[in-house]
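**Student:** For reference, the structure I am asking about is given below.
There are 2 protein chains.
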Amino acid sequence: MSDAPTAKGRATRARIVEGAAQVLREQGVAVTTLDDIRSRTGTSKSQLFHYFPDGKSELLLAVARFEADRVLEDQQPYLGCLDSWQAWRQWRDVVVERYERQGDSCPLGALFLQVGRSSPGARAIVTELMRQWQRQLAHGMRALQANGLVPAALDVDRTAAALLAGIQGGVTIMMSTGDSTHLRAALDTGIEHLRASGAESGATTGAEGKAGAGPT
Amino acid sequence: MSDAPTAKGRATRARIVEGAAQVLREQGVAVTTLDDIRSRTGTSKSQLFHYFPDGKSELLLAVARFEADRVLEDQQPYLGCLDSWQAWRQWRDVVVERYERQGDSCPLGALFLQVGRSSPGARAIVTELMRQWQRQLAHGMRALQANGLVPAALDVDRTAAALLAGIQGGVTIMMSTGDSTHLRAALDTGIEHLRASGAESGATTGAEGKAGAGPT
DNA sequence: CCCAGTCTGGACTTGCTGGTCCATTTTTTG
DNA sequence: CAAAAAATGGACCAGCAAGTCCAGACTGGG
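Residue numbers (this note's numbering), protein chains in the order written: chain V, 1 to 216; chain F, 1001 to 1216.
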């Protein structure tokens, strides 16, 4: 991947990717040209093709990877330790805040649409991101189970999948409408479903409601 | 909008839109040219610009409208009368089936990405679609409330928003991964949440579980 | 200091695609 | 039937953006 022989080379390559990511966020993939990226990053055509021999598609793929990495990073450290209701709430806030700030640009989505299903690379990036994301959500739910805040009977994987879908859809809708209502609704309802599942099965403590609102 | 003076004209226009929709589904927006559409629909360049004076963007917008209309139509008649658990289940099946058949192409999403936030028209189409969709879901939930299957205390609008987000996200993820697990999870969890909400508030019958699986 | 490999600059080519234009045919209408 | 309006065919144009190429400038090791 980043087999740049020289430190300078590696730096330039990184500069290109970061700059390209910026431009793509601002203008959208469809209308961004190599010249836009070139001028933004202060590089020449030959450099672009030096570091990305396969041209634009390869560059876009690199940017996609870059963006995909950011997604989970931006949710840390909260996403990493969802073991209390408070932690879930904090994570929720971070997600909402992150995407509201991002506004109506969906770097990864757009990138994926552009590079398209044709490229196995793009698909792999997104698939991997989703898997990791869902895994961390599921992990958090299991932590709740371990703490007795959620009944062990809960189908963690399915619930995590649903929550992830809700987030994705919320972001999608926000991109279209500029309104984050759906994202919030998805997150809140998802977490609420977790809480309610305790009442539903009725097997566990029955005190999750209070315990959740309170301490770690 | 469709102010074509002649019947023949209207037919041609419709043929163009439908053909374009097909091509766009097959190849994706990014790589589809006017010539592709031209050859598919058996029309000439002048016709394209005769019926869509503003060129490609106007044509894409028309296709977006066309696709948006299909979305809700394809869910009928189920989406229209979600007044029993059985109806909800049938609707769920139709949605899953529809999107699984559609596979990894998301006409509207792609179209929207292409025409982009720049165009107020595109945004309006998507926004309107979402509103209608959510409205029908909310309407269905209220019907459940009226039948005493769901407590009146339920925040219908927020729950509908969350469910819609889940669907959108499920479709998005399916597009990327080719797997409909998330879509199913979102739908099932969403409906389950509706059911569980009865137990949660504990105010109503308490028999929804059985009643749901059963009649009507 | 020199040489090999790396990095950089930027002019140039090339293919394609959206869009224009006008001539011709078909349809409508009075 | 004739004239006007609509519909159609397809050649043509212009611009743009991806990709090529080669010359020249660094850099680091011997």
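Note that the Cβ used here is the ideal one computed from N, Cα and C, for glycine as well. Just so we're clear, the structure is a prediction, and the values are computed from it rather than from any experiment.
1. Tell me whether Glu1067 (chain F) is buried or exposed, calling it buried when 16 or more other Cβ atoms sit within 10 Å of its Cβ.
2. So Gln22 (chain V) contacts chain F; which residues on that side make the cut at Cβ distance below 7 Å?
3. Hey, is Arg92 (chain V)'s beta-carbon within less than 9 Å of any beta-carbon in chain F?
4. For Phe52 (chain V), does the three-state DSSP call read helix, strand or coil?
5. Kindly list the residues whose CB is nearer than 8 Å to the CB of Ser1201 (chain F), restricted to its own chain and excluding five residues on each side of it in sequence; keep chain order.
6. Quick check: the Cα distance between Val115 (chain V) and Gln1022 (chain F), rounded to an integer number of angstroms?
7. Using a 10 Å radius around the Cβ and a threshold of 16 neighbouring Cβ atoms, would you call Val1126 (chain F) buried or exposed?
8. For Gln1090 (chain F) and Tyr1078 (chain F), which I take to be in contact (beta-carbon distance under 8 Å), what is that distance rounded to the nearest angstrom?
9. Taking Cβ-Cβ distances below 9 Å as the criterion, which residues of the stretch 1180 to 1198 of chain F are in contact with chain V?
10. Could you work out which residues of chain V lie near Asp1176 (chain F), taking near to mean beta carbons separated by less than 8 Å?
11. Can you tell me whether DSSP reads Ala20 (chain V) as helix, strand or coil?
12. How many whole angstroms separate the CB atoms of Phe49 (chain V) and Ser1176 (chain F), which I take to be in contact at a CB cut-off of 8 Å?
13. Given a cut-off of 9 Å on the beta-carbon distance, is the pair Leu1187 (chain F) and Ile173 (chain V) in contact?
14. Which residues in the same chain as Lys1210 (chain F) place their Cβ atom closer than 8 Å to its Cβ, once the five residues preceding and following it in sequence are excluded?
15. Answer yes or no: do Ala1302 (chain F) and Gly1140 (chain F) have a C-beta to C-beta separation smaller than 9 Å?
16. Between the stretch 1150 to 1178 of chain F and chain V, which residues of the former have CB atoms less than 7 Å from a CB of the latter, in chain order?
17. By DSSP, does Asp1083 (chain F) sit in helix, in strand, or in coil?
18. Pull up the CB-CB distance for His1092 (chain F) and Ile1191 (chain F), whole angstroms please, since I reckon it's below 8 Å.
19. Which value, in whole angstroms, describes the spacing of the CA atoms of Pro1053 (chain F) and Val1095 (chain F)?
20. Would you say Ala7 (chain V) faces chain F, with C-beta separation under 9 Å as the test?
21. Here's the rule: buried if 16 or more other CB atoms are within 10 angstroms of the residue's CB, otherwise exposed. What is Pro107 (chain V)?
22. Under the criterion of a Cβ to heavy atom distance below 8 Å, does Gly1116 (chain F) qualify as lining the ligand PLP?
23. Going along the stretch 1024 to 1041 of chain F in order, which residues come within less than 7 Å of chain V, judged by CB to CB distance?
**Tutor:** With the given structure in hand:
1. buried
2. Within chain F, no residue comes near Gln22 (chain V); the closest Cβ sits about 17 Å away, beyond 7 Å.
3. no
4. Coil.
5. At Ser1201 (chain F), the pLDDT of 45 sits below 50, so the modelled position is not reliable and the matter cannot be decided from this model.
6. 20 Å
7. buried
8. Your pair Gln1090 (chain F) and Tyr1078 (chain F) checks out as a contact, with CB atoms roughly 5 Å apart and the cut at 8 Å.
9. Thr1181, His1182, Leu1183, Arg1184, Ala1185, Ala1186, Leu1187, Asp1188, Thr1189, Gly1190, Glu1192, His1193, Arg1195, Ala1196, Ser1197
10. Looking at the sequence provided, one finds Ser at residue 1176 (chain F) rather than Asp. The contacting residues are Phe112, Arg123, Val126, Thr127, Met130.
11. Ala20 (chain V) falls in the helix class under three-state DSSP.
12. Between Ser1176 (chain F) and Phe49 (chain V) the Cβ distance is about 28 Å, and since that is not below 8 Å, they are no contact.
13. no
14. For Lys1210 (chain F), the pLDDT reaches just 40, beneath the cut-off of 50, and the residue's location in the model is therefore unreliable, leaving the point undetermined.
15. Any question about residue 1302 (chain F) goes unanswered here, given that chain F covers just 1001 to 1216.
16. Hits within the stretch, in order: Arg1158, Thr1159, Ala1161, Ala1162, Leu1164, Ala1165, Gly1166, Ile1167, Gln1168, Gly1169, Gly1170, Thr1172, Ile1173, Ser1176, Thr1177.
17. The answer is coil: DSSP assigns Asp1083 (chain F) none of H, G, I, E or B.
18. For the sequence presented, residue 1092 (chain F) should be read as Arg rather than His. 7 Å between Cβ atoms; contact.
19. 36 Å
20. no
21. Pro107 (chain V) sits buried, since 16 or more C-beta atoms from the chains shown fall within 10 Å of its C-beta.
22. For the ligand PLP, the structure offers nothing, since it holds no ligand at all.
23. Gly1028, Ala1030
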